[in-house]
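Okay, so here's the structure we're looking at.
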Amino acid sequence: KENADHQITAFLLHKQWTLYSVTPLYRFSNARLRDYARLLSAFIAAEKQKGLAVEVGVELDIKVAVSSLPDLKGSDRDQAAILVQLSSRSPASPKNSEEKLIWSGLFCCVSGDDLSENMPEDFTCLPLFLTNGAESYTSIVGSWFQKTFDCCFRRLAISPLNLSWMAAMWTGCKVDKTASAMELVFSVPCLPQPLDISYAIHPEDAKALWDTVQKTPGEITQEEVDVFMDCLYSHFHRHFKIHLSATKLVKVSTAIASAHCDGIIKFLQSQYLTGVLMLLTELAISQIQ
Amino acid sequence: HLATSLPLPSERDHLRPRIDLIVFMIDIKSKYSLKNVEASLAYVDASFFLGKVCFLVTGVGRVNYCSVEMNAIWKLGEVYCSPVLFCELELEGIRVTTAQRLLRMLEICAGHVPGVSALSFSLLMRNSAND
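So the protein sequences, as listed, match chains B and P.
Counting in this note's numbering, the first sequence runs without a single skipped number right up to 680 at its last residue.
Counting in this note's numbering, the second sequence runs without a single skipped number right up to 127 at its last residue.
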């Protein structure tokens, strides 16, 4: 089991994942994964025939694999995560040549009790969908799932409020090796040309600040997050005379993970992987409801 | 009269007409606007809070741009005993409706509506918001 965990973790870390919220899947069965792989494969081939060329020029043979990751969950009530992988092999190359992984999609639910509590039997709750790979494949796979399980995908947006929570939460996390700097990126509104402000903070300074703000270890309140962010904003204002509070926080990067308001995440620390997935599951569920 | 913050410049005090209603605008996309309003509230005479103040929260159409926590706004309304209105300035229909509402409130606060005082009206608004 340890080895499997390591593999999944290594697979998720250091990649850019695009986030979606997914409504419950109707009549999805863990026992039919092979069938789904076959059906999806046929669907992709059909889409290609229709001229929805995903790779211009090169004729690619796309192989679909759908697997279950039973250990990727928060509580026992959660559904096992489902991994969809698209690999390609050029038909010209020999039969046993390497297949290249070109797209991955992961459906998961980490501590999603809020959603699954009152869900009727026929529905499977996997509210968080992460993708890595070309957008064209995401939309094809998405369409197939929508048609087959009557579900709805929406890009997961992360508000500045939620990003501030992540900044505060992740700053408080202990990391073994030397942590990378905390970076906050702000987008300035109402300007003729777009302007982004990047604010980098030494991780130890950030942690020291958070430690003075947080009253109860293991608990975070909205007030504490506000105080933390206000301190950072006043510090910036003192030096640059710019009110960051009037801008839009669009990206937060810490040693734990980096998150962008358009719903893009990068996991950087294996020990906090489940924690971040739990937070993202919560955001996905509130977007659905 | 539109002002970016309070207090109003004292030089024009003698030329200023009576103020019947103060609408504090909070942009839900800007934490700074909330801080600004909180700081400006300190300059308002207590008598205004008997129905002549209201909070107008703008930008509510886009939940994804939310930089201000709703609880903070509700608390502000409670602490200052004033109603909280919501609108989306970018949509013309809502903009016009909100303007009409504010105008009606202004009429009441200026005493132009017989039988309805600013205080009774604000109590009515807050009670219906609580429901």
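Glycine included, every Cβ here is placed at the ideal spot set by N, Cα and C.
About 6 Å separates the Cβ atoms of A650 (chain B) and I549 (chain B), confirming a contact at the 8 Å cut-off. Close CB contacts of L102 (chain P) within its chain, under the 7 Å cut and outside five residues either way in sequence, are with D16, L17 (chain order). Separation of L623 (chain B) and F536 (chain B) (C-alpha to C-alpha, rounded to the nearest whole angstrom) is 43 Å. Counting along the chain, G496 (chain B) sits inside the beta strand (DSSP E) bounded by residues 491 to 499. By the Cβ-count criterion, Y61 (chain P) is buried, with 16 or more other Cβ atoms from all chains shown falling within 10 Å of its own Cβ.
In this structure, C499 (chain B) and L517 (chain B) form a Cβ contact; the two beta carbons are roughly 6 Å apart against a cut-off of 8 Å.
The C-alpha of P110 (chain P) is placed about 29 Å away from the C-alpha of D9 (chain P). The alpha carbon of L547 (chain B) has as its nearest neighbour, out of B:K406, B:L416, B:E673, B:H397, the alpha carbon of B:E673. For E526 (chain B), the enclosing alpha helix (DSSP H) stretches over residues 526 to 540. Chain P places no beta carbon closer than 8 Å to that of Q662 (chain B), leaving this residue out of the contacts. Look at the stretch 540 to 617 of chain B and you find these whole runs of alpha helix (DSSP H), each 4 residues long or longer: 551 to 562, 594 to 604.
Rounded to whole angstroms, the Cβ separation of V53 (chain P) and L85 (chain P) is 11 Å, and the two are not in contact under 8 Å. By the rule that beta-carbons nearer than 8 Å mark a contact, A572 (chain B) does not touch chain P. Along the stretch 83 to 104 of chain P, there is no position whose C-beta sits under 7 Å from a C-beta of chain B.
Between W494 (chain B) and A456 (chain B), the gap from beta carbon to beta carbon reaches 8 Å or more. Against chain B, the beta carbon of S1 (chain P) has no neighbour under 7 Å; the closest one sits roughly 12 Å away. Taking C-beta atoms as the reference points, V64 (chain P) and I24 (chain P) count as a pair closer than 8 Å. B:Q476 is the residue among B:D602, B:Q678, B:S571, B:Q476 whose C-alpha sits nearest the C-alpha of L431 (chain B). It is roughly 22 Å from the alpha-carbon of L99 (chain P) to the alpha-carbon of A42 (chain P). The beta-carbon distance between S78 (chain P) and S36 (chain P), rounded to whole angstroms, is 13 Å. This is too long to meet the 8 Å contact definition.
Within the DSSP secondary-structure output, A650 (chain B) pairs in a beta bridge with B:V643, B:I656.
Annotation: M620 (chain B) to S29 (chain P) spans about 15 Å, alpha carbon to alpha carbon.
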